[in-house]
Structures are given as structure tokens and as C-alpha cells.
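A.B. asks:
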Amino acid sequence: MPSPTIIWFRQDLRLSDQAALAAAAQAGPVIPLYILDDESPRQWAMGGASRWWLHHSLASLDEQLRAKGSRLILRRGRCVDVLAQVAKDSGAQVVHAIRHHEPWWRNAEKAVARQIDLRLHDGGLLLPVEAVRTGGGTPYRIYTPFSRAVMLHMPPAPPQPAPQRIDAPLHWPVSDRLEDWKLLPRDPDWASGFSADWSPGEDGAKRYLDSFLGEVGDYAVARDLPSQEGTSRLSPHLHFGEISPAKVWHRVAQAPGDATVYLKELIWRDYAHNQVWALPTYGSENAQPAFDAMHWRDLREARGDWAAWKQGRTGYPIVDAGMRQLWQTGWMHNRVRMIAASFLIKHLLIDWRHGARWFWDTLVDADYANNSVNWQWVAGSGVDANLFTRIMAPLTQSDKFGAADYIRQWVPELAHLDDRVIHDPDFHGVRPASYPEKRIGHREGRERALTAYRQMKG
Ligand code: FAD
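With positions in the sequence shown counted from 1, the corresponding number in our numbering is that position plus 67.
Have a look at this one:
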């Protein structure tokens, strides 16, 4: 029997279109391994909602592997130590893995490669990072030209099916029990509402994609309307790699209707990963250093506003609906993410990094690249960003994008209000006692933000 090969699963928890698994399966017996590494230094330890997702995704991956005569080995510890140990105990000489771009994965890959033959494969993005370059040979920093350049290389290579067979090794290494990892919240179980919305795993990803294919033609308009289910909801599946972006591209491009706007959103994901590759501190440092001089409010001084934002009690129904949707389901509509983030940064003048941390802990799709790049886009501090001075008016946005039903769903205190008044119950004098007053007026918040910005500019 040839010595086994290890497939090191991370954010690529699927069997199909999984180049690392395909390479391992072709070489002979395979040890599928997932390592929970809470020990290596990492500024962005996995958040609570992600852990909920991970639990279910690993259970699903194990089930799929078992259907092919294999199984998932679970181990805890520093990736480099665990891989070295499993390789030593099993006689494996080679580890296959999909390449990832977060700074901690890059560090881990370097450390592992010093100890063992690590073979990295592409497959997490539409194109490998920095595959497209400007005329001057430098990586793109601005989305629009990046997107145009990526388009020239599309479609991606056709997705590959799961390996027919995954041979088992002669002896299985010992595995932890998933339950012992305690990834699911208890006392209180704040994720009790998640299961109604989500089914983590490759089958769940396929179902979400299938059900979205009929909606592709409406996406360009519907994606901005929080009251409708107009988006694919594939973000957590894409983050955990339960479906490949290439597969999503091909299926969506073949669906009825013009898919261009959707495919450009997928390219935003590639763009964000390219930026984090170029600037690994994107989640913790302003990409435009001028923003280092910004005087954000001290979080202790602003603690009432900070708590109100997290709890969805700011007095702005659209913001509150979004923050409650996030807490109850682990996800928030993209248009509302922009409004809620902008409100925190500008109206409440709270550093974008605090908001990014909160999202990181509460989103099931928390993704270092997408989260950091989007927060800095809203803040105006990103490489490619909205101007800080372009301050979103939450009440106008709420009305313009028809968020009345969305507010009714997530802010039950306001469910009895009609479309005319629900976006701004304070202004119309219909605010029920159970719903809070606005933390700050729109004009006042706007002026304070602009003053802070002018001071920053010196
Ligand atoms: P769809 O509209 O169906 O889009 C399809 C896919 O394209 C998404 O699943 C996602 O992978 C990608 N995509 C769409 N919009 C963006 C975008 N603006 N940037 C990068 N990729 C995009 N997305 C995350 O996946 N993880 C995050 O942690 C995250 N944090 C965000 C924080 C803020 C402040 C903002 C404004 C946006 C954030 N986004 C994040 C981007 C976006 O909101 C989500 O990807 C989207 O809402 C997911 O829903 P969907 O799958 O239905 O998207």
C-alpha cells in the first residue's frame, strides 16, 4: 500500500471542484484533515457565528466523505505541529491544500512548507491573486479596471466533479469528536434562529445556488431592495469554500437573464482578496494613512451609542432592522450593511475598526478580505473607497429602497406603521414608547462627521 497523502481542509470544505482533494485522491490513499487552530498567534480569531457555521459544515463534509468510504479527521492545535505529527504517525510525505490569502494562513503555509512537502492549489477565487496586472506591471488597486481585466480572463476553467473514489489509508489517525470542540453556543444559545435560515455544507450551497438561478434576471434591481429575497445568499458558502466561485460563475452565467451585475459582485470578492494580499493589515490599519489623524470618539465616552448600534436601538428603523437581522440570523442585506456601517462611522463617529470587529463576530459569512475592504470602502479610508464626505442619509435610503416590509419584519414595535411613516416614526410623531428616540439627528450627525473630517485634513 503506498503511503497516504494529507488533504488539509480550511476554507474549502467541499469535494467537487477541489483541486487539492483531486490531487491527493489521484496519488493514492488520502487522510482528510481539518485542524482547529486557536493557538497560533492570530489577530482575528474565528468569531462566534463563524464557529456555529463551521460546526455544521464539518459535520456535512464528514458525511460526504463517509459516503465515499473516507472520513474527516479532526485535530486541535497549531497547524504546523498537527500536520507534522499526523504526517509522522501516518508516513504521509505530502500535504495538498488550497491556497488562502488571509495573513494568518499565509504565515501557516510558510511554517508548514518548512517542515513538509506542501503543495498549494488555486481554487478559492476566480483567478489566482495578482494574475491580472496593470499596463505598468503592478497589481490593480482600483476595482473598476481590475474588474475589466478579470473579465478578459473569464469564464474560469470549468468546474471539476468530486473524485469518484477517495481511498482510505491502512490505519486512520485518531480524531477529536466534533462535539468536544464546543463550537456551538450554549447558555445562551444565541444562534437558535440560524438553522431556520441556513444549511451549511456543500449540499446546502447547491440548493441556494439552484434556487437563485431563476432570479438572476431580476438581480440588478432586486439586490438593492432589502424587503425582497433578491440576492443569492451564497456568501457564507463561498467563504467556507463549500462551493467554488468558478462553479457559481458557470451556473449563473448560463441561467436565463443578464448575469453581468451578479458576476461583477463575484469579482468584488476577488478584488477584496487581492487587496488583502497586497496589504495584509487591511483589517486593522487605514489603507489611506491620512485617516490615522481622524479623531474618532472614544468608545467609553460613546458607549451608549455603541451599545444602541449593536442592539439595533438607534432610533433609525433601517439601521435597527439590519442590526437585528444580523443578530438573529448571522447575515445582513448588503444595502443595509452599507447604511448601518455608514451610520456607525459617520453619524456616531465611531472608528470603523470597532464595527468591523462586531461584524466579524456576528456574521456567518465573516470574511477577512470582504469585511475589511468593505468597511474601509464605507469609511473612505480604503485603497478604493467612497468619499468620507458622501454621507448616506439613512432615512432617505430606507424610503428609496422600499425597506418598509423589512423594517416590519425585524422591528416588531413598528410593524403597525404604514409605509409613509415607518422610515421615520419620530418625525411623524408616531413613535411608540417601546421604540427608542434617535440617538442623534441626521443633520447634527452629518455636521459633526464633516467637522471631524475637516480637522483630520488639517
Ligand atoms: P450576492 O449579492 O448574491 O453576491 C454574490 C456574492 O458576491 C456574495 O456571496 C459575495 O461572495 C460576493 N459579493 C457581493 N458583494 C460583495 C462586496 N461588496 N464585496 C465583496 N464581495 C461581494 N461579504 C462577505 O462575504 N463577508 C463579509 O464579512 C462582509 N462584510 C461586509 C461588511 C460591510 C460593511 C459591507 C458593506 C459589506 C460586506 N460584505 C461582506 C459584502 C456583501 O455585503 C456580502 O457579500 C453580501 O451581502 C452577501 O450576500 P449574498 O451572498 O446574497 O450576495
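Using N, Cα and C, we set each Cβ at its ideal position, and we do this for glycine too.
Please find out if some non-hydrogen atom of the ligand FAD comes closer than 7 Å to the beta-carbon of V149.
C.D. replies: Counted from its first residue, the sequence shown places residue 149 at position 82. Checking the Cβ of V149 against the ligand FAD gives no.
A.B. asks: Tell me which residues share the same chain as G512 and place their Cβ nearer than 6 Å to its Cβ, disregarding the 5 neighbours each side in the sequence.
C.D. replies: Stepping through the sequence shown from its first residue, residue 512 is reached at position 445. Counting only Cβ-Cβ distances below 6 Å, and skipping sequence neighbours, we find H414.
A.B. asks: Here's the rule: buried if 16 or more other CB atoms are within 10 angstroms of the residue's CB, otherwise exposed. What is P347?
C.D. replies: Locating residue 347 in the sequence shown gives position 280, where the first residue counts as 1. So P347 ends up on the buried side.
A.B. asks: Can you tell me whether P223 is helix, strand or coil according to DSSP?
C.D. replies: Taking the sequence shown and counting its residues from 1, the one referred to as residue 223 is at position 156. If DSSP states are grouped into helix, strand and coil, P223 belongs with coil.
A.B. asks: Taking 7 Å as the line, does the beta carbon of M459 fall inside it for any heavy atom of the ligand FAD?
C.D. replies: For the purposes of this step, residue 459 is identified with residue 392 of the sequence shown, where counting begins at 1. Not under cutoff, so the answer is no.
A.B. asks: On the three-pair Cβ rule with 8 Å, is the region 269–281 touching the region 176–191?
C.D. replies: no
A.B. asks: In chain order, which continuous runs of the alpha helix (DSSP H) of length 4 or greater are located wholly inside the region 160–248?
C.D. replies: 170–182 and 210–218
A.B. asks: Could you compute how far the alpha carbon of E130 sits from the alpha carbon of D79?
C.D. replies: As a working note, residue 130 is residue 63 in the sequence shown. As a working note, residue 79 is residue 12 in the sequence shown. Cα to Cα, E130 sits roughly 16 Å from D79.
A.B. asks: So if I measure from each beta-carbon to every heavy atom of the ligand HEM and keep distances below 6 Å, which residues remain?
C.D. replies: Of the ligands this structure carries, namely the ligand FAD, none is the ligand HEM.
A.B. asks: What number of angstroms, rounded off, separates the C-alpha of H220 from the C-alpha of K331?
C.D. replies: On the sequence shown, position 153 is the one that residue 220 refers to. On the sequence shown, position 264 is the one that residue 331 refers to. When rounded, the distance between both Cα atoms is 13 Å.
A.B. asks: Just tell me which of L292, P71 and A339 has its CA closest to the CA of I406.
C.D. replies: Sequence index remark: in the sequence shown, residue 406 carries index 339 (1-based). Here the closest residue by C-alpha is L292.
A.B. asks: For a test of the three-state rule: what should DSSP assign to T518, helix, strand or coil?
C.D. replies: Taking the first residue of the sequence shown as 1, we reach residue 518 at position 451. Helix at T518.
A.B. asks: Short of 7 Å in beta carbon distance, which residues of its chain neighbour D387, apart from the five on each side in sequence? Order them along the chain.
C.D. replies: Translated into the one-based positions of the sequence shown, residue 387 becomes position 320. Cβ neighbours of D387 beyond the five flanking positions: G379, R380, T381 and V478.
A.B. asks: I73 to A159, Cα distance in whole Å?
C.D. replies: Taking the first residue of the sequence shown as position 1, residue 73 is located at position 6. Taking the first residue of the sequence shown as position 1, residue 159 is located at position 92. For I73 and A159, the distance between alpha carbons rounds to 7 Å.
A.B. asks: G422 to V319, Cα distance in whole Å?
C.D. replies: Residue numbering aside, residue 422 sits at position 355 when the sequence shown is read from its first letter. Residue numbering aside, residue 319 sits at position 252 when the sequence shown is read from its first letter. The straight-line gap from Cα to Cα measures roughly 32 Å.
A.B. asks: Could you please give the first and the last residue of the uninterrupted alpha helix (DSSP H) stretch that includes F261?
C.D. replies: As a position in the sequence shown, residue 261 is number 194, starting the count at 1. Run containing F261: F261 to D264, per the alpha helix (DSSP H) assignment.
A.B. asks: Taking the alpha-carbon of S299 as reference, which of L484, R109 and M399 has the nearest alpha-carbon?
C.D. replies: In the sequence shown, residue 299 corresponds to position 232, counting from 1. Out of L484, R109 and M399, M399 has the C-alpha closest to the C-alpha of S299.
A.B. asks: According to the neighbour-count rule (16 or more other Cβ atoms, all chains shown, within 10 Å of its Cβ), is L128 buried or exposed?
C.D. replies: Along the sequence shown, read from residue 1 onward, the residue named residue 128 stands at position 61. If you draw a 10 Å sphere on the C-beta of L128, you find 16 or more other C-beta atoms in it, and that means buried.
A.B. asks: Would the beta-carbon of L103 fall within 8 Å of that of R166?
C.D. replies: Position 36 of the sequence shown, counting from 1, holds the residue named residue 103. Position 99 of the sequence shown, counting from 1, holds the residue named residue 166. Between L103 and R166, the CB-CB gap reaches or exceeds 8 Å.
A.B. asks: Check R138 in the structure and name its three-state DSSP category.
C.D. replies: By one-based count along the sequence shown, residue 138 stands at place 71. In this structure, R138 counts as coil in the three-state DSSP scheme.
A.B. asks: Rounded to whole angstroms, how far is the Cβ of P492 from the Cβ of P384, which I believe are closer than 8 Å?
C.D. replies: On the sequence shown, position 425 is the one that residue 492 refers to. On the sequence shown, position 317 is the one that residue 384 refers to. About 7 Å; that satisfies the 8 Å criterion.
A.B. asks: Would you grab the beta carbon distance between V153 and L100 for me? Rounded to a whole angstrom, and I think it's under 8 Å.
C.D. replies: For this step, residue 153 is matched to residue 86 along the sequence shown. For this step, residue 100 is matched to residue 33 along the sequence shown. About 6 Å separates the two Cβ atoms, so the contact holds.
A.B. asks: Hey, which unbroken runs of the alpha helix (DSSP H) at 4 residues or more fall wholly within the region 401–433?
C.D. replies: 401–409 and 419–429
A.B. asks: Select from A460, N353, G350 and A357 the residue whose C-alpha is nearest the C-alpha of G508.
C.D. replies: The residue labelled residue 508 in the question sits at position 441 within the sequence shown. Comparing Cα-Cα distances from G508 to each of A460, N353, G350 and A357, the minimum goes to A460.
A.B. asks: By DSSP, does F76 sit in helix, in strand, or in coil?
C.D. replies: One-based indexing of the sequence shown puts residue 76 at position 9. Three-state DSSP puts F76 in a strand.
A.B. asks: Report all residues from its chain with a CB closer than 7 Å to the CB of P225; omit the five preceding and five following residues, and keep chain order.
C.D. replies: Here residue 225 corresponds to residue number 158 of the sequence shown, with the count starting at 1. Around P225: H317.
A.B. asks: With DSSP run on the structure shown, which of helix, strand or coil describes I474?
C.D. replies: Working through the sequence shown from its first residue, we reach residue 474 at position 407. Here I474 sits in helix by DSSP.
A.B. asks: Kindly list the residues whose CB is nearer than 6 Å to the CB of H163, restricted to its own chain and excluding five residues on each side of it in sequence; keep chain order.
C.D. replies: To locate residue 163, count along the sequence shown from 1; it is residue 96. Result list for H163: I74, A87, A90, A91 and R186, in chain order.
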